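Here's the structure we're looking at; comments come further down.
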Amino acid sequence: MASELGEQLAEYTKNDVSSYNNFYIVNADFETYNFKQQKFDIL
1 MASELGEQLA EYTKNDVSSY NNFYIVNADF ETYNFKQQKF DIL
(Lines of atoms letter the chains of each structure in order from A; the text may use other names.)
(Lines give C-alpha, C1' and ligand atoms only; values in the text may rest on other atoms or scores of the structure.)
Protein backbone atom coordinates (compact mmCIF):
# COMPACT_ATOMS: atom_id res chain seq x y z
CA MET A 1 0.00 0.00 0.00
CA ALA A 2 1.12 3.51 -0.72
CA SER A 3 -0.35 6.87 0.12
CA GLU A 4 0.12 9.66 -2.41
CA LEU A 5 -1.36 13.12 -2.00
CA GLY A 6 -0.89 14.22 -5.61
CA GLU A 7 -3.78 13.05 -7.79
CA GLN A 8 -1.78 12.79 -11.01
CA LEU A 9 1.15 10.96 -9.40
CA ALA A 10 -1.25 8.58 -7.64
CA GLU A 11 -2.92 7.76 -10.96
CA TYR A 12 0.44 7.31 -12.70
CA THR A 13 1.67 5.03 -9.92
CA LYS A 14 -1.55 2.95 -10.01
CA ASN A 15 -0.85 2.22 -13.67
CA ASP A 16 2.84 1.54 -13.02
CA VAL A 17 2.26 -1.06 -10.28
CA SER A 18 -0.94 -2.61 -11.64
CA SER A 19 0.81 -5.95 -12.22
CA TYR A 20 1.35 -6.44 -8.47
CA ASN A 21 -1.57 -8.23 -6.78
CA ASN A 22 -0.85 -7.10 -3.23
CA PHE A 23 -0.03 -3.43 -3.85
CA TYR A 24 -2.39 -0.50 -4.12
CA ILE A 25 -2.35 3.28 -3.97
CA VAL A 26 -4.66 5.59 -2.06
CA ASN A 27 -4.91 9.21 -3.12
CA ALA A 28 -4.89 10.67 0.39
CA ASP A 29 -2.87 12.44 3.04
CA PHE A 30 -0.81 9.84 4.92
CA GLU A 31 -1.22 11.65 8.25
CA THR A 32 -5.03 11.78 8.14
CA TYR A 33 -5.94 8.64 6.14
CA ASN A 34 -7.85 6.03 8.17
CA PHE A 35 -5.74 2.87 7.87
CA LYS A 36 -8.10 0.97 10.20
CA GLN A 37 -6.39 -2.18 11.49
CA GLN A 38 -3.66 -2.35 8.82
CA LYS A 39 -0.10 -2.72 10.05
CA PHE A 40 3.08 -1.98 8.13
CA ASP A 41 6.63 -3.28 8.41
CA ILE A 42 8.13 -0.61 6.14
CA LEU A 43 7.06 2.94 5.43
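The sequence shown begins at 1 in the numbering used here and counts up by one. C-beta atoms are modelled at their ideal positions from N, C-alpha and C, and glycine is treated no differently. Remember, predicted model here, so these are calculated numbers, not experimental data.
Listed as beta-bridge partners of residue 26 by DSSP are 3. Its chain contains 25 as the residues whose beta carbon lies nearer than 6 Å to that of residue 2, once the 5 sequence neighbours on both sides are disregarded; these appear in chain order.
Between residue 6 and residue 27, the gap from beta carbon to beta carbon is short of 9 Å. Short of 7 Å from the beta carbon of residue 4, and not among the five residues preceding or following it, lie these beta carbons of its own chain, in chain order: 10, 13, 25 and 27. The residues 23, in chain order, have a CB closer than 6 Å to that of residue 17 in the same chain once the five nearest residues on each side in sequence are set aside.
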